[in-house]
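Here is the structure we will look at, set down as structure tokens.
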């Protein structure tokens, strides 16, 4: 997304050239190499982080709840008193994820030459090799992340989390009526800005098949590594997130659940280089641990750490909507814990599983900072190669590789989401 917007709003970008030619200007009127440009790009990049958890929450709403309110009031009453309270945990979780990702982001400010605090932390590690000073410099980021988490918990706690009596109920369709055109525009604009504009800009920068063929020759090994590593990391993260999400949603003491949730968010709040240094110190030891440090498993482990918070928040929000009575009824009927998980909980968690896996795949696919520090020879991923080529000024190769990486992240996630929805419709 960042590189695509560079080709749109950069000094020689498509939009800047068009505006300059239209108005007869000698200099580019728009400057993306600024704090405002970084905020714009990071905000659009965070769009899916909020959308997918909210979509998962909306799919879990029983249509009868909204219909009961519609019998007595208006659509706005249904939105205010039913829909928004039910999706509030998912909405706040997505907002928290977007904030934490932006707080710890390094690549986008680096591309835009914007000096943010994360770049300073990276300089302590990479330029001065002062690990202790780098870890100390990262402490304010952790404090800010903790404050954001406490604010999110306080806002979510002001409204009780509502458990759905019928978690399998299909969500109610919405007919905007005379506001149809306005609703279409409101939905299309953010999707166009977040997805279509940067993708089209990249396609214009690398329009021919020869660009992609040459890019493949330059980075085929990294493409294959990313195709192998990221789905494995997303799957492992979802499996690990299940017990964590259960402990958050079913904690008898609310403070313990909040403590577990805060701990699960640490990997996304920490700068990636700090996480990489931690992995090096843990696994760079004599046998039998050295095999992990010298194998691609260390890269997958870093990707799992990045993907885990996304899976946890998607599953925890969805798990909180499942009534405890369903589990208790299954156990009274004689079902074992494994049977309850397989036959009762997992079907109710399908939308959360899909959202967690899709977001985890995107996070693992785009992971850069940790991989830069830990990857062994032959285990570099595509973001590492793109980062190197971007700083070498190879714009066509970078654009082609960004298009390839977009397809690698979007197509598997879209296929998984489509198959999951089809299974739900058939059931």
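Numbering (the working numbering), first residue to last: 42 to 468.
In this text, a Cβ means the ideal position worked out from N, Cα and C, and glycines have one as well.
For residue 118, the three-state secondary structure derived from DSSP is helix.
Counting along the chain, no alpha helix (DSSP H) covers residue 54, and no H or E run does either.
The three-state reading of DSSP puts residue 261 in helix, counting H, G and I together. Under the DSSP assignment, residue 348 falls in the alpha helix (DSSP H) whose first and last residues are 338-360. Taking each of 58, 71, 150 and 122 in turn and checking the Cα distance to residue 43, the smallest one comes out for 150. Under the three-pair Cβ rule at 8 Å, the segment 245-260 does not count as touching the segment 61-72. Residue 438 and residue 422 have their C-alpha atoms spaced approximately 15 Å apart. Each residue's CA atom was taken as its position, placing residue 325 and residue 333 some 8 Å apart.
Comparing alpha-carbon positions, the option among 140, 100, 63 and 120 lying closest to residue 80 turns out to be 140.
At a Cβ-Cβ threshold of 8 Å, residue 358 and residue 415 do not count as neighbours. Approximately 6 Å separates the beta-carbon atoms of residue 145 and residue 310; this is inside 8 Å, confirming the contact.
Annotated three-state conformation of residue 311 is coil, per DSSP.
DSSP, read as helix, strand or coil, puts residue 153 in coil. Pairing residue 350 with residue 227, the inter-Cα distance amounts to about 29 Å.
Around residue 384, the same chain offers 371 and 376 as residues with beta carbons nearer than 8 Å, after the five sequence neighbours per side are excluded. Only residues of its own chain outside the window of five on either side were considered, and among them 282, 285, 286, 289, 302, 305, 306 and 397 have a CB closer than 8 Å to the CB of residue 353, listed in chain order. If you compare the alpha carbons of 122, 410, 429 and 265 with that of residue 160, the shortest gap goes to 410.
If you draw a straight line from the Cα of residue 314 to the Cα of residue 265, it is about 24 Å long.
The residues 93, 454, 457 and 458, in chain order, have a CB closer than 7 Å to that of residue 399 in the same chain once the five nearest residues on each side in sequence are set aside.
In this chain, the alpha helix (DSSP H) harbouring residue 93 covers 88-100.
Taking the Cα of residue 163 as reference, the smallest distance to any Cα among 273, 130 and 413 is reached at 413.
Around residue 231, the same chain offers 88 as residues with beta carbons nearer than 7 Å, after the five sequence neighbours per side are excluded.
The Cβ atoms of residue 436 and residue 253 lie no closer than 8 Å to each other. For residue 428, the uninterrupted alpha helix (DSSP H) segment begins and ends at 423-432.
The straight-line gap separating the alpha-carbon atoms of residue 172 and residue 166 is approximately 6 Å. In the structure shown, residue 330 adopts coil according to DSSP, grouped into three states. Taking the Cβ atoms as the reference, residue 402 lies roughly 6 Å from residue 272, within the contact range of under 8 Å. In the structure shown, the three-state DSSP call for residue 435 is coil. DSSP, read as helix, strand or coil, puts residue 134 in helix. Rounded to whole angstroms, the Cβ separation of residue 267 and residue 406 is 6 Å, and the two are in contact under 8 Å. A distance below 6 Å between beta-carbons, with the five flanking residues on each side excluded, links residue 197 to the following residues of its chain, in chain order: 130 and 133. The C-beta of residue 379 has fewer than 16 other C-beta atoms within 10 Å across all chains shown, which makes the residue exposed.
Nearest C-alpha to residue 142 among 387, 340, 113 and 83: 83.
Residue 453 carries a helical assignment under DSSP once its states are collapsed to helix, strand and coil.
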